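Peer 1: Position 111 of the sequence shown, counting from 1, maps to 98 under the numbering used here, and the rest follow consecutively. Think of the CB as a built atom: it goes at the ideal place given N, C-alpha and C, for glycine as much as any other residue. Since this is a predicted model, take the numbers as computed values, not measurements. Sharing a structure here in structure tokens format.
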Amino acid sequence: MSLLQATDAEITALQHAAELARTVAGRTSPNPPVAAIILDPQGRRIAEGVTQPAGSEHAEVIALRAAGELARGATAVVTLEPCNHTGRTGPCSQALIDAGVVRVVFGVSDPNQQAAGGADRLREAGVQVLADVDQGEIARGVLRPWLFSVLQSRPFVTWKFAATLDGRSAAADGTSRWITNAESRADVHALRDIVDAVVVGSGTVLADDPQLTVRGLAGASEEELAPRQPLRVVLDRRHRVGKEYRVFDDAAETVVLDTAVPRFALKALYDRGVRHVLLEGGPTLAGAFLEARLIDQVVGYVAPKLLGSGTPALQDAGITSMADAVTLEVSDVSRLGDDVKIVGRPVWPTGQEE
Ligand SMILES: NC(=O)c1ccc[n+]([C@@H]2O[C@H](COP(=O)([O-])OP(=O)(O)OC[C@H]3O[C@@H](n4cnc5c(N)ncnc54)[C@H](OP(=O)(O)O)[C@@H]3O)[C@@H](O)[C@H]2O)c1
């Protein structure tokens, strides 16, 4: 086995690290959700760690502490290149060197200019480094929003909607509960659980008075609030939403933004440390985001119901011809009971991702 090739144990550890990292998605921003695993020279797992909430310790430091003296001569398997900068914590590359780790295998290189260079620092100290071992699972999975936000200087935007088979997101009389089934709605709570912020327009708050919290996660009763809640964001240019709405209860933090330009709203959220936004509508706001090409992933829940009239799932996106239709590159289609969930990435008519 070449030293510059990952061993089976390292590949398995990286897969395990990707799963571990998913458990802290939405909890580490502006830092990335990362996991690190320490293997002994025989490839046995000694210790593991995940990034702690922002400002606190990185995955490598947690894993090294758990490994203690056993880290000397060991291999560290990390989902992202160990950082090289002293921010609120010291550089992880140096921590690995100081702990006596002899080999570092990581999934994805760090595109963040401030933090990159960890691999070089490790190599200079004589540590064997195996870079970019990820086959796409990490870069297209748990790290995707964070990697995107580093490169674009704005949060990654997932637009989620629920619609009938004929594309309606509310009935003509304004009722919208419930379009989708309980399984789909539970899935939405799981989605909220991994983002930093949930964004809606004033129209949705005025029409539905949603609480926009994460509730009923695995094992909890349907209405039980999760311990961690994403930031709730209401885009309300004309200050139409009064404080009596449920979005202002004390279940989670809420901010109101009155900027008319979605890009500026995203910039304001980015400056607050938000790296992944779940845009929950409604159709007017989703249209504005789509027209500005500020939607990076679409998650649609389609229920086998027909309305024939009512609010469309999306409106006023500036599209009037089939030639300008936004096509989705579909990454997943699944069934939740009789509902269908579709996940895709917009492919803009120019063929370029913004
Ligand atoms: N099924 C679903 O997935 C789903 C999800 C959400 C909503 N809905 C349904 O959608 C309906 C509400 O529709 P809606 O279109 O009024 O909701 P909306 O898109 O949430 O709100 C639209 C309002 O957002 C405000 N806004 C703030 N910044 C904006 C910007 N940059 N661009 C555009 N608008 C901006 C505007 O009001 P100001 O000008 O006053 O700021 C606008 O009228 C309800 O019936 C609700 O049930 C369905």
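Is the segment -8 to 1 close to the segment 9 to 18, with three or more CB pairs under 8 Å?
Peer 2: no
Peer 1: Let me know if ARG227 comes out buried or exposed under the rule of 16 or more other beta-carbons within 10 Å of its beta-carbon.
Peer 2: Along the sequence shown, one-based indexing puts residue 227 at 240. The residue is exposed, with fewer than 16 neighbouring Cβ atoms inside 10 Å.
Peer 1: Under 8 Å, do GLY297 and ARG155 count as touching if we go by C-beta distance?
Peer 2: The residue labelled residue 297 in the question sits at position 310 within the sequence shown. The residue labelled residue 155 in the question sits at position 168 within the sequence shown. Yes; because the gap between Cβ atoms is below 8 Å, this pair is in contact.
Peer 1: Provide the residue span of the beta strand (DSSP E) that contains THR(-1), from first to last.
Peer 2: Indexing the sequence shown from 1 puts residue -1 at position 12. From DSSP, THR(-1) is part of no beta strand (DSSP E) but of the alpha helix (DSSP H) over -5 to 9.
Peer 1: By alpha-carbon positions, which one of ALA112, ILE33, ASP183, PRO28 ends up nearest to VAL264?
Peer 2: Residue mapping note: residue 264 aligns to position 277 of the sequence shown, counting from 1. Closest option to VAL264, Cα to Cα, is ASP183.
Peer 1: Go to PRO333, then tell me how far its alpha helix (DSSP H) extends in each direction, as first and last residue.
Peer 2: Stepping through the sequence shown from its first residue, residue 333 is reached at position 346. Run containing PRO333: none in the alpha helix (DSSP H); it sits in the beta strand (DSSP E), 326 to 334.
Peer 1: Based on Cα-Cα distance, which residue from VAL285, ALA8, LEU301 lies nearest to LYS147?
Peer 2: On the sequence shown, position 160 is the one that residue 147 refers to. The residue from VAL285, ALA8, LEU301 with its alpha-carbon nearest to that of LYS147 is VAL285.
Peer 1: With 16 other CB atoms within 10 Å as the buried threshold, where does GLN339 fall?
Peer 2: Taking the sequence shown and counting its residues from 1, one reaches residue 339 at position 352. Interpretation of GLN339 is limited by its pLDDT of 48, a score under 50 that renders its predicted location unreliable; no figure is taken from the coordinates.
Peer 1: In the structure shown, what three-state DSSP assignment does HIS176 receive?
Peer 2: For the purposes of this step, residue 176 is taken as residue 189 along the sequence shown, with counting starting at 1. Reduced to three states, the DSSP call for HIS176 is helix.
Peer 1: Which term fits GLN122, buried or exposed, when burial requires 16 or more other beta carbons within 10 angstroms of its beta carbon?
Peer 2: Translated into the one-based positions of the sequence shown, residue 122 becomes position 135. GLN122 is exposed by the Cβ-count criterion.
Peer 1: Could you tell me the boundaries of the beta strand (DSSP E) in which ARG219 lies?
Peer 2: Taking the sequence shown and counting its residues from 1, one reaches residue 219 at position 232. 218 to 222 is the span of the beta strand (DSSP E), which, as asked, contains ARG219.
Peer 1: I'd like the list of long-range same chain contacts for ASN18, defined as Cβ closer than 6 Å, with 5 residues on each side in sequence excluded.
Peer 2: Numbered from its first residue, the sequence shown carries residue 18 at position 31. Closer than 6 Å at Cβ, skipping near neighbours: THR38, ALA41.
Peer 1: By alpha-carbon positions, which one of ARG202, VAL327, GLY105, HIS45 ends up nearest to ILE84?
Peer 2: For the purposes of this step, residue 84 is taken as residue 97 along the sequence shown, with counting starting at 1. For the set ARG202, VAL327, GLY105, HIS45, the Cα lying nearest the Cα of ILE84 is the one of GLY105.
Peer 1: State buried or exposed for PRO142, treating a residue as buried only when at least 16 other CB atoms are found within 10 Å of its CB.
Peer 2: Position 155 of the sequence shown holds residue 142. The residue in question, PRO142, is buried, as its Cβ has 16 or more Cβ neighbours within 10 Å.
Peer 1: Opposite GLN284 in the DSSP bridges: which residues?
Peer 2: Here residue 284 is taken as the residue at index 297 of the sequence shown, counted from 1. Looking at the DSSP assignment, GLN284 forms a beta bridge with THR145.
Peer 1: Report yes if the C-beta distance between VAL91 and VAL116 is below 8 Å; otherwise report no.
Peer 2: Within the sequence shown, numbered from 1, the residue matching residue 91 stands at position 104. Within the sequence shown, numbered from 1, the residue matching residue 116 stands at position 129. In contact: VAL91 and VAL116 (Cβ atoms closer than 8 Å).
Peer 1: Does at least one heavy atom of ligand 1 sit under 7 Å from the Cβ of PRO270?
Peer 2: As a position in the sequence shown, residue 270 is number 283, starting the count at 1. PRO270: yes, Cβ under 7 Å from ligand 1.
Peer 1: Which residues in the same chain as GLN216 place their Cβ atom closer than 8 Å to its Cβ, once the five residues preceding and following it in sequence are excluded?
Peer 2: Taking the first residue of the sequence shown as position 1, residue 216 is located at position 229. THR200, VAL201, ALA238, ALA239, GLU240, listed in sequence order.
Peer 1: Extract the residue ranges of the alpha helix (DSSP H) inside the segment 242 to 271, only unbroken runs of 4 or more that lie entirely within it.
Peer 2: Complete alpha helix (DSSP H) runs here, min 4: 249 to 258.
Peer 1: Nearest-angstrom Cα distance between ARG322 and ALA82?
Peer 2: Reading the sequence shown from its first residue, position 335 is the one you call residue 322. Reading the sequence shown from its first residue, position 95 is the one you call residue 82. The straight-line gap from Cα to Cα measures roughly 45 Å.
Peer 1: Is the Cβ-Cβ distance between GLY60 and GLY87 less than 8 Å?
Peer 2: Your numbering for residue 60 matches position 73 in the sequence shown. Your numbering for residue 87 matches position 100 in the sequence shown. Cβ distance < 8 Å, so GLY60 and GLY87 count as in contact.
Peer 1: Taking a contact to mean a Cβ-Cβ separation below 8 Å, would you say GLY128 touches ALA53 in this structure?
Peer 2: For the purposes of this step, residue 128 is taken as residue 141 along the sequence shown, with counting starting at 1. For the purposes of this step, residue 53 is taken as residue 66 along the sequence shown, with counting starting at 1. Cβ distance not < 8 Å, so GLY128 and ALA53 don't count as in contact.
Peer 1: In this structure, does DSSP put PRO299 in helix, strand or coil?
Peer 2: Start at 1 with the first residue of the sequence shown, and residue 299 comes out as number 312. Three-state DSSP puts PRO299 in a strand.
Peer 1: Under DSSP, the alpha helix (DSSP H) around VAL137 begins and ends at which residues?
Peer 2: Stepping through the sequence shown from its first residue, residue 137 is reached at position 150. Per DSSP, VAL137 belongs to the alpha helix (DSSP H) from 131 to 139.
Peer 1: Quick check on the DSSP output: the alpha helix (DSSP H) that includes ASP319 runs from which residue to which?
Peer 2: As a working note, residue 319 is residue 332 in the sequence shown. Where ASP319 is concerned, there is no enclosing alpha helix (DSSP H), although the beta strand (DSSP E) it sits in stretches over 314 to 323.
Peer 1: Helix or strand or just coil, what does DSSP make of ALA157?
Peer 2: Taking the sequence shown and counting its residues from 1, the one referred to as residue 157 is at position 170. Strand at ALA157.
Peer 1: Any heavy atom of ligand 1 closer than 7 Å to the beta-carbon of PHE148?
Peer 2: Reading the sequence shown from its first residue, position 161 is the one you call residue 148. At least one heavy atom of ligand 1 is nearer than 7 Å to the Cβ of PHE148, so yes.
Peer 1: Between THR66, SER171, ALA23, which lies nearest to PRO291 when the distance is taken from Cα to Cα?
Peer 2: The residue given as residue 291 occupies position 304 in the sequence shown. The residue with the shortest Cα to Cα distance from PRO291 is SER171.
Peer 1: Smallest Cα separation from GLU316: which of THR66, PRO333, ALA112, PRO270?
Peer 2: For this step, residue 316 is matched to residue 329 along the sequence shown. Across the set THR66, PRO333, ALA112, PRO270, the C-alpha of PRO333 shows the shortest separation from the C-alpha of GLU316.
Peer 1: Closest to LEU301 by CA distance: which of ASP283, ALA118, PHE276 is it?
Peer 2: As a first step, residue 301 is located in the sequence shown; it is residue number 314 there, counting from the start. Checking every option, the nearest Cα to that of LEU301 belongs to PHE276.
Peer 1: According to DSSP, which residues form a beta bridge with ILE24?
Peer 2: Counted from its first residue, the sequence shown places residue 24 at position 37. DSSP, once it has assigned bridges, lists GLU35, VAL64 as partnering ILE24.
Peer 1: Rounded to whole angstroms, what's the CA-CA distance from VAL137 to ARG280? Just pull it up for me.
Peer 2: Taking the sequence shown and counting its residues from 1, one reaches residue 137 at position 150. Taking the sequence shown and counting its residues from 1, one reaches residue 280 at position 293. So the two alpha carbons sit approximately 18 Å from each other.
Peer 1: Output the boundary residues of the beta strand (DSSP E) element that contains VAL116.
Peer 2: As a position in the sequence shown, residue 116 is number 129, starting the count at 1. VAL116 -> beta strand (DSSP E) spans 115 to 117.
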